[in-house]
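Read through the structure below, which is laid out as structure tokens, and then see the notes.
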Amino acid sequence: MAGFKTLDDIGNIDGKRVLVRVDLNVPVADGKVTDATRIERIAPTISELSGKGAKVILLAHFGRPKDGPSPEFSLEPIAKAAAEVLGRPVGFAADCIGDKAASAVAAMNNGDVLLLENTRFYKAEEKNDPVFTEKLAANGDIFVNDAFSAAHRAHSSTEGLAHLLPAFAGRTM
Numbered sequence: 062m063a064g065f066k067t068l069d070d071i072g073n074i075d076g077k078r079v080l081v082r083v084d085l086n087v088p089v090a091d092g093k094v095t096d097a098t099r100i101e102r103i104a105p106t107i108s109e110l111s112g113k114g115a116k117v118i119l120l121a122h123f124g125r126p127k128d129g130p131s132p133e134f135s136l137e138p139i140a141k142a143a144a145e146v147l148g149r150p151v152g153f154a155a156d157c158i159g160d161k162a163a164s165a166v167a168a169m170n171n172g173d174v175l176l177l178e179n180t181r182f183y184k185a186e187e188k189n190d191p192v193f194t195e196k197l198a199a200n201g202d203i204f205v206n207d208a209f210s211a212a213h214r215a216h217s218s219t220e221g222l223a224h225l226l227p228a229f230a231g232r233t234m
């Protein structure tokens with residue numbers, strides 16, 4: 062028996078805000094994703110949660126921005142690629158915390174998918190800062206980690222959230 066809960070244990074999530082940590086470190090050239098393999102790997106988890114009526118809120122880092130927000134490290138083009146892979150709209154919020162994120166989450170309908178901006182735009186992400194982690198958690202009711210390649214990192218969006226919200230492993234775990 063696994064020492065952690067999986068999506069098989071999640072129960073009724075209809076209308077719940079589910080924060081899903083995913084791996085979206087994909088190659089991008091000229092603003093377009095050139096290899097969507099990592100997006101394809103997380104699609105089953107996203108589709109399952111969405112199909113059960115959850116408001117699916119994706120969290121990810123992308124690259125290593127040095128001084129806060131930078132257009133070259135924005136997840137916005139990746140939201141477009143995710144929509145193509147999933148065959149459904151994927152909204153995008155220009156921040157992962159604060160008013161922009163909260164407004165985008167509040168506007169979601171059951172089954173919607175939303176990608177929040179790069180968590181690494183905040184240095185607090187890699188420090189697993191408790192205040193930053195609480196700000197991330199404010200937009201969710203449940204946490205699902207589906208980022209196998211980042212699961213070893215003790216960051217706010219991987220390890221920290223699992224202490225603040227009911228936590229489950231996604232299908233790639």
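Count along the sequence shown starting at 1, add 61, and that's the number in this note's numbering.
Don't be surprised by glycine CBs; every beta carbon is placed ideally from N, CA and C.
The structure presented is a predicted model; accordingly, all values stated were derived computationally and were not measured.
With burial defined as no fewer than 16 other Cβ atoms inside 10 Å of the residue's Cβ, what is the status of Lys77: buried or exposed?
Taking the sequence shown and counting its residues from 1, the one referred to as residue 77 is at position 16. Buried is the call here.
Looking only at its chain, what residues have a beta carbon closer than 6 Å to the beta carbon of Met62, apart from the 5 residues adjacent to it on each side?
For the purposes of this step, residue 62 is identified with residue 1 of the sequence shown, where counting begins at 1. Only weak support exists for where Met62 lies, its pLDDT of 43 falling under 50; the value from the coordinates is given anyway. Closer than 6 Å at the Cβ level, and outside the excluded window around Met62, lies no residue.
Continuous beta strand (DSSP E) stretch holding Ile78: start and end
To locate residue 78, count along the sequence shown from 1; it is residue 17. For the record, residue 78 in the displayed sequence is Arg; it is not Ile. Unbroken beta strand (DSSP E) run through Arg78: Arg78 to Arg82.
Counting pairs of Cβ atoms below 8 Å between the stretch 178 to 192 and the stretch 214 to 228, do you hit three or more?
yes
At the level of alpha carbons, what is the spacing between Asp207 and Leu120?
Mapped onto the sequence shown, residue 207 falls at position 146. Mapped onto the sequence shown, residue 120 falls at position 59. Rounded to the nearest angstrom, the two C-alpha atoms are 10 Å apart.
From Asp75, Asp69 and Arg102, pick the residue whose C-alpha is nearest to that of Val85; which is it?
Working through the sequence shown from its first residue, we reach residue 85 at position 24. Per the sequence shown, the amino acid found at residue 85 is Leu instead of Val. Residue Arg102 is the option with its Cα nearest to Leu85.
Three-state class that DSSP yields for Leu136 in the structure shown
Counting from one through the sequence shown, the residue named residue 136 turns up at place 75. Residue state, collapsed to three classes: coil.
Quick check on the DSSP output: the alpha helix (DSSP H) that includes Ala223 runs from which residue to which?
Position 162 of the sequence shown, counted from the start, is the residue given in the question as residue 223. Ala223 -> alpha helix (DSSP H) spans Leu222 to Leu225.
Using a Cβ-Cβ cutoff of less than 8 Å, which residues in the same chain neighbour Phe229 once the five nearest sequence positions on both sides are dropped?
The residue labelled residue 229 in the question sits at position 168 within the sequence shown. Taken in chain order, the residues that qualify are Phe65, Lys66, Thr67, Leu68, Asp70, Ile71, Ile203, Phe204, Val205 and Asn206.
Using DSSP's beta-bridge definition, name the partner residues of Val151.
Numbered from 1 along the sequence shown, position 90 holds the residue referred to as residue 151. Answer by DSSP bridge pairing: none, since Val151 is not bridged.
Leaving out five residues on either side along the sequence, give the residues of the same chain with a beta carbon under 6 Å from the beta carbon of Pro227.
Taking the first residue of the sequence shown as position 1, residue 227 is located at position 166. So the list reads Ile203, once near-sequence residues are dropped.
Look at His122 and Asn179 and say whether their C-beta atoms are less than 8 Å apart.
Along the sequence shown, read from residue 1 onward, the residue named residue 122 stands at position 61. Along the sequence shown, read from residue 1 onward, the residue named residue 179 stands at position 118. Against a cut-off of 8 Å, the Cβ pair of Asn179 and His122 comes out as a contact.
Would you kindly work out how many angstroms separate the C-alpha atoms of Ser135 and Asn73, rounded to a whole number?
Numbered from 1 along the sequence shown, position 74 holds the residue referred to as residue 135. Numbered from 1 along the sequence shown, position 12 holds the residue referred to as residue 73. When rounded, the distance between both Cα atoms is 33 Å.
Gly148: buried (16+ other C-beta within 10 angstroms of its C-beta) or exposed?
Taking the sequence shown and counting its residues from 1, one reaches residue 148 at position 87. Classification for Gly148: exposed.
For Lys116, does the three-state DSSP call read helix, strand or coil?
Walking along the sequence shown from the start, residue 116 turns up at place 55. Looking at Lys116 - three-state DSSP - the assignment turns out to be strand.
Within 10 Å of its beta-carbon, does Asp128 have 16 or more other beta-carbons around it, so buried, or fewer, so exposed?
Position 67 of the sequence shown holds residue 128. Asp128 should be labelled exposed.
Please return the same chain residues whose Cβ sits closer than 8 Å to the Cβ of Glu186, not counting the five positions on each side in sequence.
One-based indexing of the sequence shown puts residue 186 at position 125. So the qualifying residues of the chain are His122, Thr180, Phe193, His216, Ser217 and Ser218.
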